[in-house]
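Numbering (our numbering), first residue to last: 27 to 218. Structure first, then comments.
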Ligand code: F6R
Ligand code: ZN
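And the structure:
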């Protein structure tokens, strides 16, 4: 080893992604969020309670990764897979978060499905971008972000990349909520 190299030098590695199906084939990290993890996030709490009770608490979304250290210099990356469905007429969505280091950005490359990336700032600005296969959404620093599946049958699958030290701040968005929600009524996507 060269004297200038850090003692903890990581060996390069590769991962296999099935881009068409949106699968990270050799993932070792797997996070699952079920409908019951989404309490407090949907407009219609009764519809969510019914989905949990009668729908057997279905999986809402999953995150697959081969973890790397959450340190400066590293890039975290994952595949995020959000199922289609509605709570009342509100489309299934992720919890959403700011990054703990709010000044860190993120890239979402949509591989499969259709949806909306909802974003908001702490001072109340709100933005949305369409998500569809081949579309890359750049989430700039300081924007909280939540993905929403507006499709009827397919999961919304994205490949996400963000700085290793970014961290996830869920607390602020749980308190604030997003200024807009995404509904599907009569086959039309409505953001309001
Ligand atoms: C990472 C990121 C995504 C989400 C994933 C699940 O910074 O934005 O990988 O973590 O889509 O959503 P949350 O984390 O909001 O439950
Ligand atoms: Zn993020």
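By construction, the Cβ of each residue, glycine as well, lies at the ideal position given by its N, Cα and C atoms.
Each residue's CA atom was taken as its position, placing residue 163 and residue 183 some 13 Å apart. The alpha-carbon separation between residue 207 and residue 151 amounts to approximately 14 Å. Per DSSP, residue 131 lies in no alpha helix (DSSP H) segment and is marked neither H nor E.
Taken from the Cβ of residue 161, every heavy atom of ligand 1 lies 8 Å or farther away.
For the options 56, 74, 51, 54, the alpha carbon positioned closest to that of residue 62 is the one of 74. By the CB criterion at 9 Å, residue 88 and residue 57 fall inside the cutoff. Between the alpha carbons of residue 194 and residue 123 lies a gap of roughly 6 Å. A distance of 9 Å or more separates the beta carbons of residue 141 and residue 91. With 6 Å as the limit between CB and the heavy atoms of ligand 2, the residues that fall short of it are 123, 125, 132, 171, 188. By the neighbour-count criterion, in which 16 or more other beta carbons inside 10 Å mark a residue as buried, residue 139 falls on the buried side.
Note that the C-beta distance between residue 188 and residue 133 is below 9 Å. Taken through DSSP and simplified to helix, strand or coil, residue 44 comes out as strand.
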